[in-house]
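Have a look at the structure below, then the notes.
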Amino acid sequence: MTPSSPCTPIADADWPNEIAELREDFAGALNVYRTMAHHPDLLKAWAPLRQHVVKENALGPELTEVVILRAGLRMGSRYEWAHHVSRALALGFSTARIEAIRTRPEGVDGLIVDAVDALFDQRMLPPEQEAELADAIGRKAVIDLIAMVGFYSVLGYLLKTYDTPVDDNIQKEAEKMPALFSLAS
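Quick note on numbering: full-length UniProt numbering labels position 77 of the sequence shown as 77, and the sequence is numbered without any gaps.
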């Protein structure tokens with residue numbers, strides 16, 4: 001029997017008063033942030049960085065999802081993979097494009113997958129790889145990609161340590177396409 005998590009997602013009734021506004025903003029919508037709510041000061045500090053890294057980065061929505069999907073896959077984070085498969089589908093990704101992120105897609109997606117892998121494997125982008133990526137997407141986007149991989153690594157550590165459950169709406173979506181939503185290829 002698996003021991004229960006000491007940091008299960010916090011219910012509305014137990015939500016810390018000092019971050020009540022975050023529950024109404026973004027944090028109440030997802031189990032990852034309901035788990036982070038066990039540390040209100042961290043969640044409060046996380047909010048502005050999340051806004052930039054997830055919403056206002058130089059990559060744009062589609063390339064952001066490529067980065068997050070590959071990072072979630074590399075982290076082995078079932079939660080991030082499932083949630084971002086859902087987001088990618090909502091952005092119009094084909095199942096083939098999502099499946100290709102598991103291996104090595106063509107074009108800019110492939111450059112991004114290679115960059116995420118380099119960050120996990122080498123803890124940096126080698127100069128030639130950084131230059132090629134900067135030519136393709138711009139230097140600000142490269143810096144945002146690096147920050148995004150770090151950001152989602154931290155989330156992956158939290159999610160896996162505390163065995164945070166996939167949110168119900170994503171779980172229901174995953175049941176319709178279990179192979180696509182599964183970390184296993």
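Every residue gets a Cβ at the ideal spot worked out from N, C-alpha and C, and that includes glycine.
Source: prediction; values computed, not measured.
Residue i classed as buried or exposed, judged by whether at least 16 other C-beta atoms fall within 10 angstroms
i   : result
P9  : buried
T2  : With a pLDDT of only 48 at T2, under the threshold of 50, the placement of this residue in the model should not be trusted, and no figure is reported.
E65 : buried
L59 : buried
T95 : exposed
L63 : buried
Spatially closest choice to residue i from the options, by CA coordinates
i    : options                : result
A141 : T95, S94 and V67       : V67
V116 : A184, A88 and L69      : L69
E18  : L30, L42, L89 and I170 : L42
P178 : I146, G92 and W81      : W81
Q51  : P40, D144 and Q171     : D144
V149 : A13, L49, G28 and T35  : L49
Rounded separation between residue i and residue j - CA only
i           : j    : result
S5          : A45  : 24 Å
A118        : M124 : 6 Å
residue 196 : D114 : Nothing about residue 196 can be reported from this structure: the residues present for the chain run from 1 to 185 only.
A11         : P126 : 44 Å
P165        : L159 : 8 Å
G92         : E56  : 20 Å
F26         : V54  : 12 Å
R87         : E128 : 31 Å
Counting pairs of beta carbons, one from the segment 150 to 164 and one from the segment 61 to 81, are three or more of them closer than 8 Å? Counting Cβ pairs under 8 Å, three or more are found: they touch.
Write down every uninterrupted run of the alpha helix (DSSP H) in the segment 75 to 160 whose length is 4 residues or greater and which is fully enclosed by it, in chain order. Taking only runs of at least 4 residues, the alpha helix (DSSP H) segments lying wholly in the segment 75 to 160 are 78 to 90, 95 to 100, 107 to 122 and 127 to 137.
Any 3 or more C-beta pairs closer than 8 Å across the segment 94 to 114 and the segment 127 to 145: yes
Would you list, in sequence order, the uninterrupted beta strand (DSSP E) runs of no fewer than 3 residues that lie entirely inside the segment 18 to 64? none
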